[in-house]
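Each position in the sequence shown, counted from 1, maps to that position plus 11 in the working numbering.
Please read the structure below before turning to the comments.
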Amino acid sequence: MSVPVFLELVEMKAKTASVLPFLIGLCYSWYHYGRIHVGYVAIYFVAMFIFNMAVDILDNYNDYHNAKEGHDYKEKTNIIGRENISLRLIFGLMVTMIVISAFIGIALAFIVGWPLLWMGLFCYLVGIFYSSGPRPLSSLPVGEFFSGITMGFMISLICVYINTFEAFQWNFSDIFGIVVIALPNTMWIANLMLANNTCDKEEDEKNERYTLVHYIGKTNALRLFVGMNGIALVAILASFLLGLAPWTVLLSFLALPFIYGQVKLFLQKQVKSQTFPCAVKILAVGSIVQVITYALGIGMI
């Protein structure tokens, strides 16, 4: 397997959705708690990244097996069929990565505490059953919720916990602060799936995938898409007003014209090849700007 094929198999281009919630958790750990365990959090990053790659391999593996639209998808679209990759190799690689990441996570839980084990278990279950089983989460109306919570919130929560495990309190104040700081990523990641399902509504229904868009319709799905972008921006403002982030995060609103333009494009038409990238661009630009402006404020302290 060549390097370019491997990178496509693990969907390396989509890793923004896991790296940026990690980085915002890192920023919050230093700004709010004044501490970072560099070694522990680096180990967590490695385990998280390996598992994220395994989940994307699993998604491609399941999509290949479950395709119902004839042979075109398997042979021309899915990376496994298109590149004629051995299914045995795919399965072995996937299982190996899951086992390695789980071993790292369990070892780390021995050091920082068992809450990490339970949070990690939740993420593993969601990651595995997102595309597996008779009714994968991605084919149900809860897909947006689980993808947003797991990638947008849980990654940040675990990052903060590992950095602050000696002082972290499982109370409303500590959890609420992380909810607010992670809310932009949570909304934008959920919007990725919402945009994808909006574009694929008719095809999904043919394949007996009844997502949220099936139940609420495209019109309400578009309203929800706009609303979640609005919530993300309000959360950035709230993070400053509540003292959870430095004033520099307000510079994130410099990205507002770009976000508005991408939302407008998606509202005009919902075509997978043409406008789904709008949601990807909103996540990438919005999240990167939030991290940069947050880090800028920390640097000025």
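We put the beta carbon where it would ideally sit given N, CA and C, even for glycine.
> Which same chain residues, not among the five before or five after F133, have their C-beta less than 8 Å away from its C-beta?
Replying inline: Excluding residues within five positions, the ones whose Cβ falls inside 8 Å are T161 and M165.
> So G297 is in the alpha helix (DSSP H); what residue range does that whole segment cover?
Replying inline: Boundaries of the alpha helix (DSSP H) around G297: K283 to G310.
> So, do the region 134-146 and the region 59-67 have three or more beta carbon pairs nearer to each other than 8 Å?
Replying inline: Yes, the region 134-146 touches the region 59-67.
> What alpha helix (DSSP H) runs, 4 residues minimum, are completely inside the region 25-50?
Replying inline: The region 25-50 contains these whole alpha helix (DSSP H) runs: 27-39.
> With F251 and L261 assumed to form a contact (beta carbons below 8 Å), what rounded beta-carbon distance in angstroms separates them?
Replying inline: With 8 Å as the limit, F251 and L261 qualify as a contact, their Cβ atoms being about 6 Å apart.
> By Cβ distance below 6 Å, which residues in the same chain neighbour A4 in space, the five residues on each side in sequence not counted?
Replying inline: The structure shown does not extend to residue 4, since the chain is modelled only from 12 to 312, so the question has no answer here.
> Taking the C-alpha atoms as reference points, what is the distance between K229 and F277?
Replying inline: C-alpha separation (whole angstroms): 12 Å.
> Looking only at its own chain, which residues have a Cβ that is under 6 Å from the Cβ of Y226, when we skip the five neighbours before and after it?
Replying inline: Sequence-distant Cβ neighbours of Y226 in its own chain, meaning closer than 6 Å and more than five residues away, are P152.
>> For S13 and R93, what's the separation of their Cα atoms in angstroms?
In response: Going from the Cα of S13 to the Cα of R93 covers about 13 Å.
>> Is the separation between the beta-carbon of V191 and that of L244 shorter than 8 Å?
In response: Not closer than 8 Å, so no.
> When you compare each of V49, S263 and K280 to G298 by their alpha carbons, which one comes out closest?
Replying inline: Residue identity check: residue 298 is Ser in the sequence provided, not Gly. Here the closest residue by C-alpha is S263.
>> Quick check on DSSP: helix, strand or coil for A193?
In response: Of the three classes helix, strand and coil, the one that applies to A193 here is helix, per DSSP.
> Can you list the alpha helix (DSSP H) stretches of 4 or more residues lying completely in the region 185-236, in chain order?
Replying inline: Fully enclosed alpha helix (DSSP H) runs of 4 or longer: 212-217.
> Excluding five sequence neighbours on each side, which residues of the same chain lie with their C-beta closer than 8 Å to the C-beta of V274?
Replying inline: Taken in chain order, the residues that qualify are F236, V237, N240, C289 and I293.
>> So the candidates are V282, K280 and A193; which of them puts its Cα closest to the Cα of L34?
In response: It is A193 whose Cα lies nearest to the Cα of L34.
>> Just to confirm before moving on: does the CB-CB distance between C210 and F121 stay below 8 Å?
In response: Here C210 is not near F121, since their CB atoms are 8 Å or more apart.
> Could you check where the alpha helix (DSSP H) with R99 kicks off and where it finishes?
Replying inline: R99 -> alpha helix (DSSP H) spans L98 to V123.
> With DSSP run on the structure shown, which of helix, strand or coil describes M64?
Replying inline: Looking at M64 - three-state DSSP - the assignment turns out to be helix.
> Under the rule that 16 or more other beta-carbon atoms within 10 Å means buried, what is N71, buried or exposed?
Replying inline: N71 is buried by the Cβ-count criterion.
>> What would DSSP say about S150, mapped onto helix, strand or coil?
In response: Looking at S150 - three-state DSSP - the assignment turns out to be helix.
> Whose C-alpha, out of T27, P147, P32 and L127, is nearest the C-alpha of L69?
Replying inline: Here the closest residue by C-alpha is P147.
> Are G154 and I200 closer than 8 Å when you measure CB to CB?
Replying inline: Cβ atoms of G154 and I200: not closer than 8 Å.
>> Looking only at its chain, what residues have a beta carbon closer than 6 Å to the beta carbon of G163, apart from the 5 residues adjacent to it on each side?
In response: For G163, the CB contacts under 6 Å within the same chain, skipping 5 residues up- and downstream, are P32, A193, N196, T197 and I200 in chain order.
>> Out of V296, H43, W258 and K283, which one is the CA nearest neighbour of Y271?
In response: Measuring from the Cα of Y271, the nearest candidate turns out to be V296.
> What number of angstroms, rounded off, separates the C-alpha of K280 from the C-alpha of L18?
Replying inline: Between K280 and L18, the C-alpha separation is close to 30 Å.
> How many Å lie between W129 and M59 at the Cα?
Replying inline: For W129 and M59, the distance between alpha carbons rounds to 15 Å.
>> Only counting the same chain, and skipping five residues up and downstream in sequence, which positions put a Cβ closer than 6 Å to that of F157?
In response: Result list for F157: V137 and L148, in chain order.
> Run through DSSP, which three-state label would G254 get?
Replying inline: DSSP places G254 in the coil class of the three-state scheme, outside both helix and strand.
> Nearest to S142 by CA position, among Y55, D67, I303 and I101, is which residue?
Replying inline: Of the listed residues, the one whose Cα sits closest to S142 is D67.
> Candidates N207, L20 and T222: which alpha carbon is nearest V282's?
Replying inline: It is N207 whose Cα lies nearest to the Cα of V282.
> DSSP state of E19, grouped into three classes?
Replying inline: Of the three classes helix, strand and coil, the one that applies to E19 here is helix, per DSSP.
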